[in-house]
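J.: To start, I am sharing the structure in question, which I have written as structure tokens.
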Amino acid sequence: MSLTSVEIARAAYLWRLHLERPSVTDQVVELRAAQNLLVSLHAGEATAQLAMARAVYVAAVHADLKDLDREITDLATLQDQLAVAEQDRPVAPVRSSLP
Numbered sequence: 029m030s031l032t033s034v035e036i037a038r039a040a041y042l043w044r045l046h047l048e049r050p051s052v053t054d055q056v057v058e059l060r061a062a063q064n065l066l067v068s069l070h071a072g073e074a075t076a077q078l079a080m081a082r083a084v085y086v087a088a089v090h091a092d093l094k095d096l097d098r099e100i101t102d103l104a105t106l107q108d109q110l111a112v113a114e115q116d117r118p119v120a121p122v123r124s125s126l127p
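Per my numbering, residue 29 is the first one in the sequence shown, and the count goes up by one each step.
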């Protein structure tokens, strides 16, 4: 009997959850975060690709910088890059509803 990808991912998540969050309260908080992500995916607020990109970015920042101040600074840099990109985006003309 072979396991599905969901069963494998669930087992890995459960193992990591028990390892890193021994308190039941902390486990429930973590599961709430997973639930919120699933809801945002179904609500169209995020895609699986966006969620994966977010997770990879956060893991890389945390692994490389290992300091909350530096991590927040990197996130601020990302925010600045988004703001600059938004300013450079051409503005679509507004159509008037006046005759």
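The beta-carbon is built from N, C-alpha and C at its ideal position, and this holds for glycine as well.
When the distance is taken between beta carbons, is residue 76 closer than 8 Å to residue 69?
T.: Here residue 69 corresponds to residue number 41 of the sequence shown, with the count starting at 1. Here residue 76 corresponds to residue number 48 of the sequence shown, with the count starting at 1. Result yes, Cβ atoms of residue 69 and residue 76 sit closer than 8 Å.
J.: Taking 8 Å as the cut-off, decide whether the C-beta atoms of residue 102 and residue 110 are in contact.
T.: On the sequence shown, residue 102 is found 74 positions in, with the first residue counted as 1. On the sequence shown, residue 110 is found 82 positions in, with the first residue counted as 1. Going by C-beta atoms, residue 102 is not nearer than 8 Å to residue 110.
J.: In whole angstroms, give me the CA-to-CA distance for residue 99 and residue 84.
T.: Mapped onto the sequence shown, residue 99 falls at position 71. Mapped onto the sequence shown, residue 84 falls at position 56. Roughly 14 Å between the two C-alpha positions.
J.: Pull up the distance between the alpha-carbon of residue 43 and that of residue 55, whole angstroms please.
T.: In the sequence shown, residue 43 corresponds to position 15, counting from 1. In the sequence shown, residue 55 corresponds to position 27, counting from 1. So the alpha carbons of these two residues sit roughly 11 Å apart.
J.: CB residue 65 to CB residue 79, shorter than 8 Å?
T.: As a working mapping, residue 65 is identified with position 37 in the sequence shown. As a working mapping, residue 79 is identified with position 51 in the sequence shown. In this structure, residue 79 lies closer than 8 Å to residue 65 by Cβ.
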